[in-house]
Amino acid sequence: MLQRRLLAVYGTLKKGYYNYNAYLKGFEPIFEGFVKIKYKLYSNGRYPMIIKSKDLSNIFVEVYIVEENLFTQIKALEEPFGYHYTSIQILEINESVNIFVYSKSLPPNEFLFVPDGNWKATIPWDAV
1148 MLQRRLLAVY
1158 GTLKKGYYNY
1168 NAYLKGFEPI
1178 FEGFVKIKYK
1188 LYSNGRYPMI
1198 IKSKDLSNIF
1208 VEVYIVEENL
1218 FTQIKALEEP
1228 FGYHYTSIQI
1238 LEINESVNIF
1248 VYSKSLPPNE
1258 FLFVPDGNWK
1268 ATIPWDAV
């Protein structure tokens, strides 16, 4: 039996974005909506990151069931850019899920706080 994981995504792996098409195309989320977690959302316009916080924030996520081999591919996508996965409890679905978070305590200078908690690309991925 293949091992499966619950994966929460909040950025370029969401439906309609380039990494969704590359990794999750054809998958349907088992949950999509705002969740209260102790992270803050930041964006540079092309892609987002969440960073641990002492305060709860509302962040929009989509949760997918993925097999271990796909999770490993997504991990290979995220880790070179300073992200690691952690497990968080999402009360809205009463489940523990994996989510990729930024490894440092502060975002790079070009990243701005996203106050509404719902990331949207404002710069095309291929823009210079």
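Here the sequence shown is numbered in my numbering, starting from 1148 and rising by one per residue.
Think of the CB as a built atom: it goes at the ideal place given N, C-alpha and C, for glycine as much as any other residue.
Rounded to the nearest whole angstrom, the C-alpha separation of A1155 and V1208 is 6 Å.
Nearest neighbour of P1254 by Cα position, chosen from T1159, P1195 and Y1170, turns out to be P1195.
According to the DSSP assignment, L1154 belongs to the beta strand (DSSP E) that extends over R1151 to V1156.
Take the alpha-carbon of Y1167 and the one of G1158: they are about 9 Å apart. Under the three-state reduction of DSSP, I1198 is assigned to strand. Under DSSP, Q1220 shares a beta bridge with no residue. Put simply, of L1160, K1199, Y1164 and K1187 the residue whose alpha carbon is nearest the alpha carbon of P1271 is Y1164.
Here DSSP, grouped into helix, strand and coil, assigns E1239 to coil.
The three-state secondary structure of N1191, taken from DSSP, is coil.
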